[in-house]
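Peer 1:
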Amino acid sequence: MRTIAVSGVSGSGKNTTLNKLFDALTDNIQSKIIKNKVTHNNTSSKDFWSVFEYQIQDVNKKIGIYTAGDALDIVQTAMEIMNQNNVDIAIIACRTKGDAIEFINDQNKIGNTVE
Numbered sequence: 113m114r115t116i117a118v119s120g121v122s123g124s125g126k127n128t129t130l131n132k133l134f135d136a137l138t139d140n141i142q143s144k145i146i147k148n149k150v151t152h153n154n155t156s157s158k159d160f161w162s163v164f165e166y167q168i169q170d171v172n173k174k175i176g177i178y179t180a181g182d183a184l185d186i187v188q189t190a191m192e193i194m195n196q197n198n199v200d201i202a203i204i205a206c207r208t209k210g211d212a213i214e215f216i217n218d219q220n221k222i223g224n225t226v227e
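Per my numbering, the sequence shown starts with residue 113, numbered consecutively.
1) CB residue 116 to CB residue 203, shorter than 8 angstroms?
2) For residue 118 and residue 130, which I take to be in contact (beta-carbon distance under 8 angstroms), what is that distance rounded to the nearest angstrom?
3) Among all the DSSP beta bridges, which residues are the ones paired with residue 167?
4) Output yes or no for whether 8 angstroms exceeds the beta carbon distance between residue 160 and residue 137.
5) Which term fits residue 209, buried or exposed, when burial requires 16 or more other beta carbons within 10 angstroms of its beta carbon?
6) Does the distance from the CB of residue 174 to the CB of residue 200 come in under 8 angstroms?
7) Anyone know if the C-beta pair for residue 194 and residue 181 falls short of 8 angstroms?
8) May I ask you to report which of helix, strand or coil DSSP gives residue 148?
9) At the level of alpha carbons, what is the spacing between residue 167 and residue 145?
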């Protein structure tokens, strides 16, 4: 699984960016929603995760989006959910500093593909 961290400080537009990506994938004829926006029960925000199947040059790829990645335990949960759904590309929001981004960077060091 290739993981892309959308990182930034609180209020920098991570969720807005991922919501726009969700909308773009939803509107694209080459993509199909596998799991629609699944909201988080433990938050009062608009955080969600979703999985798409997207056709790229006659190859189907699963793309996962996870917006609630500021804390380490949430990023770990995001990675588990993406693995359970066999995504090829996971796009996860996280803060610029702290355990969550360090975890993603550590995954890269042990051989998991993370950007």
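Quick reminder that beta carbons are idealized off the backbone N, C-alpha and C, glycines included.
Peer 2: Let me lay it out:
1) The count along the sequence shown starts at 1 and reaches residue 116 at position 4. The count along the sequence shown starts at 1 and reaches residue 203 at position 91. Result yes, Cβ atoms of residue 116 and residue 203 sit closer than 8 angstroms.
2) Position 6 of the sequence shown, counted from the start, is the residue given in the question as residue 118. Position 18 of the sequence shown, counted from the start, is the residue given in the question as residue 130. Contact holds; Cβ gap of about 6 angstroms.
3) Counted from its first residue, the sequence shown places residue 167 at position 55. 172, per the DSSP bridge assignment.
4) The sequence position of residue 160 within the sequence shown is 48, counting from 1. The sequence position of residue 137 within the sequence shown is 25, counting from 1. Contact: no.
5) Here the question's residue 209 lines up with position 97 in the sequence shown. Counting other Cβ atoms within 10 Å of its Cβ, residue 209 stays below 16 and is therefore classed as exposed.
6) In the sequence shown, the residue the question calls residue 174 occupies position 62. In the sequence shown, the residue the question calls residue 200 occupies position 88. The answer is yes: Cβ separation under 8 angstroms.
7) Here residue 194 corresponds to residue number 82 of the sequence shown, with the count starting at 1. Here residue 181 corresponds to residue number 69 of the sequence shown, with the count starting at 1. Cβ distance not < 8 angstroms, so residue 194 and residue 181 don't count as in contact.
8) In the sequence shown, counting from the first residue as 1, residue 148 sits at position 36. Strand.
9) Reading the sequence shown from its first residue, position 55 is the one you call residue 167. Reading the sequence shown from its first residue, position 33 is the one you call residue 145. Looking at the two C-alpha atoms, the distance is approximately 12 angstroms.
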